[in-house]
Amino acid sequence: MRHESRRMKRMARSHKRKKTSGMNLTSLMDVFTILVFFLLTNTSSNEALEPPKVITLPDSVVETKPRETVTLMVTAEEILVESSSVVITSEVIESEEIVIESIKQAMIAELDKAIGVALASTAEGESETQGEQEPEPPEVNILADRGIPFSLLKKVMSSCTAAGYTKVSLAVIQKASQG
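Once you know that position 109 of the sequence shown is 110 in the working numbering, the rest is easy, because the numbers rise by one and skip nothing.
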């Protein structure tokens, strides 16, 4: 019996030494830090244009991503340059003019932004090639609903080129290439 009591004392002593430690949160904090860093870096690099709900873009299998440029939206109701309304779509359709003056003036007002973007892209190209390059011409992205008639788009594009924009891109929804 004496032997049993020693054993009990020994077990009691070792049981006292074992402290119930709390949860170790160091690894969990590391995972959360990495997760926050990942989310911050990926949300800041938004490469795709987000069309508004009123515009349904046509589909395409193009591989290149759009660059940040002046954005012109053509909806069924109005034409917007950088989210500010310029003219009502029905007026442009009814007009006999090829160059719409209100669109041209709004695009000229945004020309500084377009030239700044073009100079920034040229500066990136120069740092890679270290050569003399001409600055990229001003560029505009047109977001137009797929139901918009081409005659209207032709007037919008003509107004952009009359304002000095030599590169006109139509925004589309990228589909997987079939090949």
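Cβ atoms here follow ideal geometry from the backbone N, Cα and C, with glycine treated the same way.
Pick from the options that is closest to residue i, judged by C-alpha positions
i      : options                           : result
Glu79  : Leu29, Thr72 and Thr90            : Thr90
Ser96  : Thr34, Gly165, Ser152 and Leu29   : Ser152
Ile174 : Ser15, Ala145 and Met12           : Ala145
Ala107 : Met30, Gly165 and Pro53           : Gly165
Val93  : Val75, Ser15 and Gly117           : Val75
Ile116 : Leu40, Ile56, Thr70 and Val32     : Thr70
Pro53  : Thr72, Val37 and Leu40            : Thr72
Lys156 : Ile109, Arg147, Lys105 and Pro138 : Lys105
Leu154 : Ile109, Ala77, Ser85 and Ser84    : Ala77
CB contact check: residue i to chain C, cutoff 8 Å
i      : result
Ala145 : Of the protein chains in the structure, only one exists, and it is not chain C.
Residues sharing a beta bridge with residue i, DSSP
i      : result
Asn142 : Thr72 and Ser170
Ser86  : Leu81
C-beta contact flag for residue i and residue j at 8 Å
i      : j      : result
Leu171 : Ile143 : yes
Arg147 : Thr57  : yes
Inter-residue CB distance, residue i and residue j (contact presumed, cutoff 8 Å)
i      : j      : result
Lys114 : Glu140 : Their Cβ separation, rounded to whole angstroms, is 11 Å, which puts Lys114 and Glu140 out of contact at 8 Å.
Val82  : Glu111 : 6 Å
Subject >> the stretch 100-110 / the stretch 157-164 touching (three or more Cβ pairs under 8 Å) >> reply: yes
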